[in-house]
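K.L.:
Just passing along the structure, written as structure tokens.
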């Protein structure tokens, strides 16, 4: 158990809908990262927040947005969903701001299925 | 374009042998490189981190090398066990300020008894 929690575990929804994925980092970790993993694309970095501020962006679509709250939990909002958004969404956390020079702890993921 | 390449074909080895996995990268100049293990349907688990000025890093049965001239990292598991069967992902810093970790697509390792 990494100490990172994600809810829900599974989400099934229809095209055009909007969903919110939630992540609680490990106790004491200030950084939260979001990743998307699909069969054809592998693990893709979406966005990084550190202590409430956005620090880095990856290939995140404009239909997707995220935020980190004062209690350090984070939410990833996906809107106008398309079939191609079906994937596993992982949240990870680390102790400080360096995503590449720190070990990242991954949550169990949320499996999103768009029908 | 920037690429991180790992062998997409599964690596099959016998228990007790050494598994060697390769990670090659193009158009990156990483200062850090990490290796993760991922089991089906689960989140990746951190294994090792190596810095550009370190040639080699070891942890128990694991060894990682980092050759910035060849733009390659090798990941070795010695005395492999069936429990080592998983997908192994390499990742490196993909942007300024070390904020972003970019992952390869992984290599599946199958260790048979």
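Protein chains in written order, with our numbering: chain F, 1 to 115; chain C, 1001 to 1113. Ideal Cβ placement from N, Cα and C applies to all residues, glycine included.
1) Please tell me whether residue 1021 of chain C and residue 1075 of chain C are closer than 9 angstroms, where the distance is taken between their beta carbons.
2) Between which residues of its own chain and residue 1003 of chain C is the CB-CB distance below 6 angstroms, once the five residues before and five after are set aside?
3) Cutting at 6 angstroms between CB atoms, please list the residues of its own chain near residue 967 of chain C, excluding the five before and the five after it.
4) So that I know if they touch, is there some Cβ in chain C lying closer than 9 angstroms to that of residue 4 of chain F?
5) Out of curiosity, what's the CA-to-CA distance linking residue 28 of chain F and residue 1103 of chain C?
6) In chain C, which residues lie less than 9 angstroms from residue 66 of chain F when you measure between Cβ atoms?
7) What are the boundary residues of the beta strand (DSSP E) that residue 82 of chain F is part of?
8) Contact defined as beta carbons within less than 8 angstroms: I believe residue 18 of chain F pairs with residue 86 of chain F. What is the distance between those atoms, to the nearest angstrom?
9) When Cβ atoms are compared, which residues of the segment 1022-1043 of chain C fall closer than 7 angstroms to chain F?
10) Just to confirm, does residue 73 of chain F get its C-beta within under 8 angstroms of one of the non-hydrogen atoms of the ligand HEM?
P.N.:
The answer reads as follows:
1) Locating residue 1021 of chain C in the second chain gives position 21, where the first residue counts as 1. Locating residue 1075 of chain C in the second chain gives position 75, where the first residue counts as 1. In contact: residue 1021 of chain C and residue 1075 of chain C (Cβ atoms closer than 9 angstroms).
2) Sequence index remark: in the second chain, residue 1003 of chain C carries index 3 (1-based). Only 1026 meet the Cβ criterion.
3) In the structure as shown, chain C starts at 1001 and stops at 1113, and residue 967 of chain C therefore has no counterpart that could be examined.
4) As a first step, residue 4 of chain F is located in the first chain; it is residue number 4 there, counting from the start. So yes, residue 4 of chain F belongs to the interface.
5) On the first chain, residue 28 of chain F is found 28 positions in, with the first residue counted as 1. On the second chain, residue 1103 of chain C is found 103 positions in, with the first residue counted as 1. If you take the alpha carbons of residue 28 of chain F and residue 1103 of chain C, they lie about 25 angstroms apart.
6) Indexing the first chain from 1 puts residue 66 of chain F at position 66. Ordered by position in chain C, no residue passes the 9 angstroms Cβ test against residue 66 of chain F, which lies about 14 angstroms from the chain.
7) As a working note, residue 82 of chain F is residue 82 in the first chain. Unbroken run through residue 82 of chain F: none, as it is neither H nor E.
8) Position 18 of the first chain, counted from the first residue, corresponds to residue 18 of chain F. Position 86 of the first chain, counted from the first residue, corresponds to residue 86 of chain F. Actually they do not touch by this definition, with Cβ atoms about 15 angstroms apart.
9) 1032, 1042, 1043
10) With respect to the ligand HEM, the structure offers nothing, as it holds no ligand at all.
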